[in-house]
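> Questions regarding the structure given below will be posed in turn.
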Amino acid sequence: MESRRRVRVTGTVQGVGFRPFVYREATALSLSGYVRNDSAGVLIEVQGRPDDIAELCRRLVESPPPLARVESVEAVVVPPAAGDARFVIDASVDDGAANAPVSVDTATCEDCLREVDDPRDRRYGYAFTNCTNCGPRFTIVRSVPYDRPATTMAAFRMCAECEREYHDPGDRRFHAQPNACPACGPRLLFVSPGGDELAAGDGALAAAADALRGGSIIAIKGLGGYHLAVDAGNGWAVAELRRRKQRDDKPFALMAGDAAAAAALVELDDEAVAVLTSPRRPIVLAPRRPGATVASGVAPGLPERGVMLPYTAMHHLLVRSVGRPLVVTSGNRSDEPIAHEDDDAVDRLGPIADALLMHDRAIHIRCDDSIVRAGGAAPQVLRRSRGYAPEPIALPFTAGRAVLAVGAELKSTIAVTKGTTVVASHHIGDLEHLPAYRAFLQAVEHLPRLYGVVPEAVAHDLHPEYLSTKFAAELDLPAIGVQHHHAHAAACLVDHGRDGRVLALAFDGHGYGPDGTLWGGEFLLADFEACERVGHLAPVPLLGGSAAVREPWRMAAVWLRHAAGDAAAIDRVGRLDRRVGALLGTGPGTATTSMGRLFDAAAALVVGRARASYEGQAAIELEALARTVPLGGAPALPFEERREGGCLVLDPAPVLRALLAAEGGPAAAAMFHESVGHAAARGAATLAAAHGVGTVALTGGVFQNARLSAIVARALDAQGLEVLVHRRVPPNDGGISIGQAAVAAAQAR
Ligand code: ZN
Ligand code: ZN
Ligand code: FE
Numbered sequence: 035m036e037s038r039r040r041v042r043v044t045g046t047v048q049g050v051g052f053r054p055f056v057y058r059e060a061t062a063l064s065l066s067g068y069v070r071n072d073s074a075g076v077l078i079e080v081q082g083r084p085d086d087i088a089e090l091c092r093r094l095v096e097s098p099p100p101l102a103r104v105e106s107v108e109a110v111v112v113p114p115a116a117g118d119a120r121f122v123i124d125a126s127v128d129d130g131a132a133n134a135p136v137s138v139d140t141a142t143c144e145d146c147l148r149e150v151d152d153p154r155d156r157r158y159g160y161a162f163t164n165c166t167n168c169g170p171r172f173t174i175v176r177s178v179p180y181d182r183p184a185t186t187m188a189a190f191r192m193c194a195e196c197e198r199e200y201h202d203p204g205d206r207r208f209h210a211q212p213n214a215c216p217a218c219g220p221r222l223l224f225v226s227p228g229g230d231e232l233a234a235g236d237g238a239l240a241a242a243a244d245a246l247r248g249g250s251i252i253a254i255k256g257l258g259g260y261h262l263a264v265d266a267g268n269g270w271a272v273a274e275l276r277r278r279k280q281r282d283d284k285p286f287a288l289m290a291g292d293a294a295a296a297a298a299l300v301e302l303d304d305e306a307v308a309v310l311t312s313p314r315r316p317i318v319l320a321p322r323r324p325g326a327t328v329a330s331g332v333a334p335g336l337p338e339r340g341v342m343l344p345y346t347a348m349h350h351l352l353v354r355s356v357g358r359p360l361v362v363t364s365g366n367r368s369d370e371p372i373a374h375e376d377d378d379a380v381d382r383l384g385p386i387a388d389a390l391l392m393h394d395r396a397i398h399i400r401c402d403d404s405i406v407r408a409g410g411a412a413p414q415v416l417r418r419s420r421g422y423a424p425e426p427i428a429l430p431f432t433a434g435r436a437v438l439a440v441g442a443e444l445k446s447t448i449a450v451t452k453g454t455t456v457v458a459s460h461h462i463g464d465l466e467h468l469p470a471y472r473a474f475l476q477a478v479e480h481l482p483r484l485y486g487v488v489p490e491a492v493a494h495d496l497h498p499e500y501l502s503t504k505f506a507a508e509l510d511l512p513a514i515g516v517q518h519h520h521a522h523a524a525a526c527l528v529d530h531g532r533d534g535r536v537l538a539l540a541f542d543g544h545g546y547g548p549d550g551t552l553w554g555g556e557f558l559l560a561d562f563e564a565c566e567r568v569g570h571l572a573p574v575p576l577l578g579g580s581a582a583v584r585e586p587w588r589m590a591a592v593w594l595r596h597a598a599g600d601a602a603a604i605d606r607v608g609r610l611d612r613r614v615g616a617l618l619g620t621g622p623g624t625a626t627t628s629m630g631r632l633f634d635a636a637a638a639l640v641v642g643r644a645r646a647s648y649e650g651q652a653a654i655e656l657e658a659l660a661r662t663v664p665l666g667g668a669p670a671l672p673f674e675e676r677r678e679g680g681c682l683v684l685d686p687a688p689v690l691r692a693l694l695a696a697e698g699g700p701a702a703a704a705m706f707h708e709s710v711g712h713a714a715a716r717g718a719a720t721l722a723a724a725h726g727v728g729t730v731a732l733t734g735g736v737f738q739n740a741r742l743s744a745i746v747a748r749a750l751d752a753q754g755l756e757v758l759v760h761r762r763v764p765p766n767d768g769g770i771s772i773g774q775a776a777v778a779a780a781q782a783r
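Take 35 as the starting number for the sequence shown in the numbering used here and just add one per residue.
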């Protein structure tokens with residue numbers, strides 16, 4: 035007895051080889067019918083024995099293709115159809131209401147690499163080899179449904195052989211939209227800094243590899259944008275890259291040929307290797323291996339290195355041809371967004387690079403490399419971009435309305451809610467840079483369209499001067515202001531799929547508080563609906579405004595005055611900068627409870643770092659300095675505690691007085707971490723007990739400090755409290771849009 039079912043599959047099921055997979059399975063089970071893509075995902079009609087249909091549905095859920103993320107499979111009975119006994123793949127239908135998620139960019143698969151390495155294969159040595167299981171996706175998609183004409187591959191007409199693969203349901207490249215070969219696909223170009231072609235194709239790759247071996251700086255167009263690359267072992271080349279890029283100390287990432295080569299550079303445990311070799315291919319931060327042949331200028335003064343593996347055939351071929359690890363850093367000058375358009379690359383990178391390795395496939399969406407810290411309790415995503423965005427993240431509830439969340443200002447991302455998920459964009463950058471703001475405008479238009487979301491509300495930060503806040507105010511939508519640290523807390527809840535009230539420790543550089551001061555050392559009772567401040571770091575004036583972020587000596591002066599008076603502050607901080615007396619004479623300054631600024635102050639005193647060349651540098655160096663002291667290997671000095679306006683206020687004055695008297699060095703750095711960590715945990719335990727909460731969330735950029743996280747988490751754990759630490763969603767402002775989206779969507783559930 036034959037029956038027929040209509041099966042709806044949702045999730046990331048387009049552009050991932052789902053239809054050929056259904057075709058193969060249905061054919062093997064002797065079922066008839068069809069499969070097709072539509073704007074809701076994949077639609078299947080299937081006819082045959084009921085047991086076989088049930089078996090097909092089981093396989094859809096249990097063994098989908100590697101890149102697919104199946105969210106739901108729903109089958110309804112429909113009347114059997116007469117006639118066709120075959121199973122066919124229907125061409126895509128564009129019914130206008132797009133909402134099928136787009137897959138992430140995915141590293142070259144093993145099958146493709148084998149072809150690239152096989153002299154008898156027609157893709158031997160071809161830099162753009164890909165298939166249904168790998169290759170570019172998000173970065174080349176202009177619109178949905180995901181089909182070749184909707185991508186930047188539309189410019190390339192497939193040759194007869196590629197066409198055959200593309201239309202053969204039994205082929206690994208069936209409907210692989212970026213399918214290409216040397217005869218018909220994108221090709222490499224090696225050009226001078228002025229944009230003149232020097233070589234093409236294989237010759238371009240060989241020329242770039244030669245130049246890199248010879249110590250040249252080469253701009254390389256990859257998947258989501260341009261990198262600047264040099265031989266990582268060549269100290270002169272690394273120094274020259276720093277000089278031309280105008281980048282003083284900020285660490286450079288490395289690209290190693292394979293996991294073994296990476297393991298020679300950094301210490302990798304099994305979990306780190308799994309992240310490093312995953313198809314997402316992020317930069318993995320791990321402790322550097324002493325004696326590795328890497329120029330010291332790669333990451334001056336830091337105990338960690340960022341390492342990634344090649345993620346396109348081009349990168350594999352290039353690194354192999356050079357034969358040594360490369361520095362592969364963002365293709366920009368200073369802190370600007372990376373270049374991803376060719377003319378712009380020649381304009382901006384021409385003056386930095388000795389030559390450019392380009393190609394003629396356009397990048398539609400710029401997408402930086404993602405960054406994951408390995409080690410610690412679990413890998414933590416610090417920058418969620420290529421390979422991760424725009425994969426939806428499950429919400430622990432169904433969004434009552436479609437929300438567009440515009441994020442904060444630094445490390446900007448945006449997000450939209452869609453049903454039971456939130457979709458966050460790639461890393462956009464710091465909105466104060468005009469190209470980043472343009473990318474922001476592109477993203478707020480592009481991301482909702484890709485997901486078929488028509489926003490019904492816009493969520494934004496409370497900071498009136500953020501460009502994202504101003505943008506939200508201009509939209510003709512209900513605007514929902516979400517306090518910065520509430521958004522951090524909500525982001526941590528989303529990360530863990532949690533939907534209850536927690537005590538959140540939100541420690542960061544700063545965020546706008548509802549009282550007009552700059553928060554950043556907050557104890558919040560928070561769930562998605564509400565947020566109440568129940569504790570905070572003692573407030574001090576932020577003298578010098580934003581200059582305080584770049585010049586940690588300023589916060590050292592402010593905190594020392596608070597703890598020990600003017601004379602002590604002027605005497606001690608005067609060694610770092612003679613303007614300290616003048617600074618303390620200014621005022622009053624906006625009050626801040628920022629934990630990030632307290633770390634800056636301590637770093638200025640202990641490390642002697644008066645000026646930072648990148649955000650967080652002082653605090654990162656302070657953590658690095660402490661590393662030779664085991665956890666618990668230094669005393670934890672208590673903070674003063676007081677009650678003010680219903681809040682618990684933690685004052686580090688005793689710790690600062692101790693730093694004033696201390697010698698500096700690792701012992702002082704470790705003492706500061708222990709003191710802050712234990713004071714925070716003590717305050718958290720008191721507040722959790724007072725409010726009947728059993729879970730503490732650690733959120734905000736300061737918790738990228740692995741040492742501080744570990745101290746707080748251990749202390750809370752010892753008190754029987756559950757601790758939530760960020761894993762998938764960045765603890766820094768890159769996660770703000772996700773938290774905003776969840777808060778605004780929860781208001782209407
Ligand atoms: Zn492949
Ligand atoms: Zn071809
Ligand atoms: Fe923040």
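Think of the CB as a built atom: it goes at the ideal place given N, C-alpha and C, for glycine as much as any other residue.
All values reported here derive from a predicted model rather than from experimental measurement.
1) Kindly provide the chain-ordered list of residues whose Cβ lies closer than 6 Å to any non-hydrogen atom of ligand 3.
2) Let me know the beta strand (DSSP E) ranges lying completely inside the region 665-711, each 3 residues or longer, listed in chain order.
3) Considering only heavy atoms of ligand 1, does any lie closer than 7 Å to the CB of N213?
4) Would you report the Cα separation of H712 and P669, rounded to the nearest angstrom?
5) So, do the region 747-755 and the region 718-728 have three or more beta carbon pairs nearer to each other than 8 Å?
6) Verify whether the separation of the beta carbon atoms of T624 and G554 is less than 8 Å.
7) Return the chain-ordered ranges of every alpha helix (DSSP H) run that is complete within the region 391-421 and spans a minimum of 4 residues.
8) Is A320 near ligand 2, in the sense that its beta carbon is under 7 Å from a heavy atom of that ligand?
9) What residue range is occupied by the uninterrupted alpha helix (DSSP H) comprising V440?
10) On the criterion of 16 or more Cβ atoms from any shown chain inside 10 Å, does G441 qualify as buried, or is it exposed?
11) Mind checking whether A109 and R58 have CB atoms under 8 Å apart?
12) Would you call the CB atoms of M629 and V736 closer than 8 Å?
13) Taking the continuous beta strand (DSSP E) assigned at D265, which residues delimit it?
14) Please report the residue range of the beta strand (DSSP E) in which A458 lies.
15) C215 and R154 look like a contact to me (Cβ under 8 Å); what is the Cβ gap, rounded to whole Å?
16) In this structure, how does DSSP classify T729 when only helix, strand and coil are distinguished?
17) Can you give me the C-alpha to C-alpha distance between L656 and A740, rounded to a whole angstrom?
18) Could you name each continuous alpha helix (DSSP H) segment of 4 residues or more that falls completely within the region 40-94, going from the start of the chain to the end?
19) Count the other CB atoms within 10 Å of the CB of S97; is the residue buried (16 or more) or exposed (fewer)?
20) Alpha carbon to alpha carbon, what distance is there between G773 and P413?
21) Could you please go through the chain and list the residues whose beta-carbon is closer than 5 Å to any non-hydrogen atom of ligand 1?
22) From H519 to A718, what distance separates their C-alpha atoms?
23) Does DSSP classify K504 as helix, strand or coil?
24) Report back the beta-carbon spacing between A470 and V450 to the nearest angstrom; my notes put them in contact at under 8 Å.
25) Roughly how many angstroms lie between the CA atoms of R42 and V95, to the nearest whole one?
26) Using the three-state DSSP reduction, which class does M192 fall into: helix, strand or coil?
27) Kindly examine ligand 2 and report whether one of its heavy atoms sits closer than 7 Å to the Cβ of G159.
28) Using 7 Å as the cut-off, classify the Cβ of C196 as near or not near the heavy atoms of ligand 2, replying yes or no.
29) Quick test of your reading: A598 and L694, contact by CB under 8 Å. State the CB separation rounded to the nearest angstrom.
30) Check whether the region 607-623 and the region 534-553 touch, using three or more Cβ-Cβ pairs below 8 Å as the test.
31) With a threshold of 16 other CB atoms inside 10 Å of the CB of R277, please say whether the residue is buried or exposed.
32) Specify, as a first and last residue, the run of the beta strand (DSSP E) that M342 falls within.
33) Taking only three categories from DSSP, how would you classify N766?
34) State the Cα-Cα distance for the pair A660 and R323, rounded to the nearest angstrom.
35) State the Cα-Cα distance for the pair G130 and T662, rounded to the nearest angstrom.
36) Let me know the secondary structure DSSP gives E105 once reduced to three states.
According to the structure data:
1) With the cut-off at 6 Å, the residues found are H518, H522, D542, G545, G734, G735 and D767.
2) Here the runs fully enclosed are 674-678 and 681-685.
3) Translated into the one-based positions of the sequence shown, residue 213 becomes position 179. No - ligand 1 has no heavy atom lying nearer than 7 Å to the Cβ of N213.
4) Working through the sequence shown from its first residue, we reach residue 712 at position 678. Working through the sequence shown from its first residue, we reach residue 669 at position 635. Looking at the backbone, the Cα of H712 and that of P669 are separated by about 10 Å.
5) Verdict: yes, contact present.
6) Your numbering for residue 624 matches position 590 in the sequence shown. Your numbering for residue 554 matches position 520 in the sequence shown. No.
7) None, since the region 391-421 contains no complete alpha helix (DSSP H) of that length.
8) Taking the sequence shown and counting its residues from 1, one reaches residue 320 at position 286. Incorrect: A320 has no Cβ contact closer than 7 Å to ligand 2.
9) As a working mapping, residue 440 is identified with position 406 in the sequence shown. Per DSSP, V440 belongs to no alpha helix (DSSP H) and is neither H nor E.
10) On the sequence shown, residue 441 is found 407 positions in, with the first residue counted as 1. The residue in question, G441, is buried, as its Cβ has 16 or more Cβ neighbours within 10 Å.
11) Here the question's residue 109 lines up with position 75 in the sequence shown. Here the question's residue 58 lines up with position 24 in the sequence shown. By the CB criterion at 8 Å, A109 and R58 fall outside the cutoff.
12) The sequence position of residue 629 within the sequence shown is 595, counting from 1. The sequence position of residue 736 within the sequence shown is 702, counting from 1. Between M629 and V736, the C-beta spacing is below 8 Å.
13) Counting from 1 along the sequence shown, the entry for residue 265 is found at position 231. Counting along the chain, the unbroken beta strand (DSSP E) around D265 starts and ends at Y260 to D265.
14) The residue labelled residue 458 in the question sits at position 424 within the sequence shown. It spans T455 to A458 - the beta strand (DSSP E) in which A458 sits, taken as one unbroken run.
15) Here residue 215 is taken as the residue at index 181 of the sequence shown, counted from 1. Here residue 154 is taken as the residue at index 120 of the sequence shown, counted from 1. Their Cβ separation, rounded to whole angstroms, is 14 Å, which puts C215 and R154 out of contact at 8 Å.
16) Your numbering for residue 729 matches position 695 in the sequence shown. T729 sits in a strand when the DSSP states are folded into three classes.
17) As a first step, residue 656 must be located in the sequence shown, where it is residue number 622. As a first step, residue 740 must be located in the sequence shown, where it is residue number 706. Straight-line measurement puts the Cα of A740 at about 12 Å from the Cα of L656.
18) Fully enclosed alpha helix (DSSP H) runs of 4 or longer: 52-62.
19) Translated into the one-based positions of the sequence shown, residue 97 becomes position 63. S97 should be labelled exposed.
20) Within the sequence shown, numbered from 1, the residue matching residue 413 stands at position 379. Within the sequence shown, numbered from 1, the residue matching residue 773 stands at position 739. One C-alpha to the other measures close to 20 Å.
21) Residue list for ligand 1: C143, C146, C165, N167 and C168 (CB closer than 5 Å to any heavy atom, chain order).
22) The residue you call residue 519 lines up with position 485 of the sequence shown. The residue you call residue 718 lines up with position 684 of the sequence shown. Spanning the two alpha carbons is a distance of roughly 16 Å.
23) Residue numbering aside, residue 504 sits at position 470 when the sequence shown is read from its first letter. DSSP places K504 within a helical segment (H, G or I) once states are collapsed to three.
24) Against the sequence shown, residue 470 aligns to sequence position 436. Against the sequence shown, residue 450 aligns to sequence position 416. Actually they are not in contact, since the Cβ atoms of A470 and V450 sit about 19 Å apart, beyond 8 Å.
25) Translated into the one-based positions of the sequence shown, residue 42 becomes position 8. Translated into the one-based positions of the sequence shown, residue 95 becomes position 61. If you take the alpha carbons of R42 and V95, they lie about 12 Å apart.
26) On the sequence shown, residue 192 is found 158 positions in, with the first residue counted as 1. Assignment of M192 by DSSP, reduced to helix, strand and coil, places it in the coil class.
27) Start at 1 with the first residue of the sequence shown, and residue 159 comes out as number 125. Remark: the C-beta of G159 is outside contact range of ligand 2, defined as less than 7 Å to any heavy atom.
28) Taking the sequence shown and counting its residues from 1, the one referred to as residue 196 is at position 162. Yes - ligand 2 has a heavy atom lying nearer than 7 Å to the Cβ of C196.
29) For the purposes of this step, residue 598 is identified with residue 564 of the sequence shown, where counting begins at 1. For the purposes of this step, residue 694 is identified with residue 660 of the sequence shown, where counting begins at 1. A598 to L694, Cβ: 6 Å. Contact.
30) Between the region 607-623 and the region 534-553 there are fewer than three inter-stretch CB-CB distances shorter than 8 Å, so the stretches are not counted as touching.
31) Here the question's residue 277 lines up with position 243 in the sequence shown. Exposed, since its Cβ has fewer than 16 Cβ neighbours within 10 Å.
32) As a first step, residue 342 is located in the sequence shown; it is residue number 308 there, counting from the start. Per DSSP, M342 belongs to the beta strand (DSSP E) from E338 to M342.
33) Counting from 1 along the sequence shown, the entry for residue 766 is found at position 732. In the structure shown, N766 sits in coil (DSSP, three-state: anything other than H, G, I, E or B).
34) Your numbering for residue 660 matches position 626 in the sequence shown. Your numbering for residue 323 matches position 289 in the sequence shown. About 18 Å.
35) In the sequence shown, the residue the question calls residue 130 occupies position 96. In the sequence shown, the residue the question calls residue 662 occupies position 628. Low confidence applies here, because G130 scores a pLDDT of 42, under 50, leaving its location unreliable and the question unanswered by this model.
36) Counting from one through the sequence shown, the residue named residue 105 turns up at place 71. Annotated three-state conformation of E105 is strand, per DSSP.
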